[in-house]
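J.: In my numbering, the protein residues as written are 5 to 182. Heads up, the beta-carbon is just placed ideally off N, CA and C, and yes, glycines get one too. All values derive from a computational prediction rather than experimental measurement. Okay, handing you the structure first.
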């Protein structure tokens, strides 16, 4: 009789330890420690939903600009437009990956006169052929004629590149700013 009770107690202890291990593994595998890239954005997106409408509008504009520049992020299943983070996906991608990669998280300049902008864009592309073939700022990019101004504003100015139409650049030594 005593032997049966000891076996029963042994199996009970083994069963409880196994059950505890299963619960512990489940908790670890679904914790932030195991996969922080999933849980951090989810917490931040919940905080974003609590923000006011003005900030939401600003965040939406920045997200659209980021997705317009970087089509790989726009189509991403997690950080993209259709991803679970919504508009917070663009900011989260920038914070986790984009800043380190040298990406830009700013608005795209609006075009006042499309015809003038087209002339300026063509001049910039002719002046810098490597930018003309760029998937972000080039002729076939999603930015279109806004690409060269965007490139100059955030990158070209620091690299001392020239902005302006061919006539303006030849006639003066100063560089017009957008």
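Just to confirm, is the Cβ distance from residue 63 to residue 111 under 8 Å?
T.: Looking up residue 63 in the chain shown gives position 59. Looking up residue 111 in the chain shown gives position 107. No, the Cβ-Cβ distance between residue 63 and residue 111 is not below 8 Å.
J.: What first and last residue would you give for the alpha helix (DSSP H) that runs through residue 118?
T.: For the purposes of this step, residue 118 is taken as the residue at position 114 of the chain shown. Counting along the chain, the alpha helix (DSSP H) containing residue 118 begins and ends at 118–131.
J.: Near residue 81, what residues of its chain come up, given a Cβ to Cβ distance below 7 Å and the 5 sequence neighbours on each side ignored?
T.: As a first step, residue 81 is located in the chain shown; it is residue number 77 there, counting from the start. Hits under 7 Å: 87.
J.: Would you call the CB atoms of residue 95 and residue 147 closer than 8 Å?
T.: For the purposes of this step, residue 95 is taken as residue 91 along the chain shown, with counting starting at 1. For the purposes of this step, residue 147 is taken as residue 143 along the chain shown, with counting starting at 1. No, the pair does not count as a contact, with Cβ atoms beyond the cut-off.
J.: Grouping DSSP H, G and I as helix and E and B as strand, with all else coil, what is residue 28?
T.: Along the chain shown, read from residue 1 onward, the residue named residue 28 stands at position 24. Looking at residue 28 - three-state DSSP - the assignment turns out to be helix.
J.: Any chance the stretch 127–139 sits against the stretch 153–168, with 3 or more Cβ pairs inside 8 Å?
T.: At 8 Å Cβ cutoff, the stretches touch.
J.: Classify residue 154 as buried or exposed, calling it buried when 16 or more other Cβ atoms lie within 10 Å of its own Cβ.
T.: Sequence index remark: in the chain shown, residue 154 carries index 150 (1-based). That one is buried.
J.: Give every residue of the same chain whose Cβ lies closer than 6 Å to the Cβ of residue 158, excluding the five residues on either side of it in the sequence, and list them in chain order.
T.: Within the chain shown, numbered from 1, the residue matching residue 158 stands at position 154. Result list for residue 158: 108, in chain order.
J.: Going by CA-CA distance only, name the one from 132, 144, 149, 145 that's closest to residue 160.
T.: To locate residue 160, count along the chain shown from 1; it is residue 156. Answer by Cα proximity: 132.
J.: Mapping DSSP to helix, strand and coil, what is residue 16?
T.: To locate residue 16, count along the chain shown from 1; it is residue 12. Here residue 16 sits in helix by DSSP.
J.: Less than 7 Å separating the Cβ of residue 14 from some heavy atom of the ligand ZN?
T.: Absence of the ligand ZN from the depicted structure is noted, as is the absence of any ligand whatsoever, leaving it without description.
J.: Under 8 Å, do residue 150 and residue 115 count as touching if we go by C-beta distance?
T.: Here the question's residue 150 lines up with position 146 in the chain shown. Here the question's residue 115 lines up with position 111 in the chain shown. Going by C-beta atoms, residue 150 is nearer than 8 Å to residue 115.
J.: Please report the Cβ distance between residue 152 and residue 135, rounded to the nearest whole angstrom; I am assuming they are in contact, meaning their Cβ atoms lie under 8 Å.
T.: Residue mapping note: residue 152 aligns to position 148 of the chain shown, counting from 1. Residue mapping note: residue 135 aligns to position 131 of the chain shown, counting from 1. Confirmed, Cβ separation roughly 7 Å.
J.: Going straight from the alpha carbon of residue 18 to that of residue 24, what length do you get?
T.: By one-based count along the chain shown, residue 18 stands at place 14. By one-based count along the chain shown, residue 24 stands at place 20. Whole-angstrom Cα-Cα distance: 10 Å.
J.: With DSSP run on the structure shown, which of helix, strand or coil describes residue 155?
T.: Numbered from its first residue, the chain shown carries residue 155 at position 151. Residue 155: helix per DSSP, three-state reduction.
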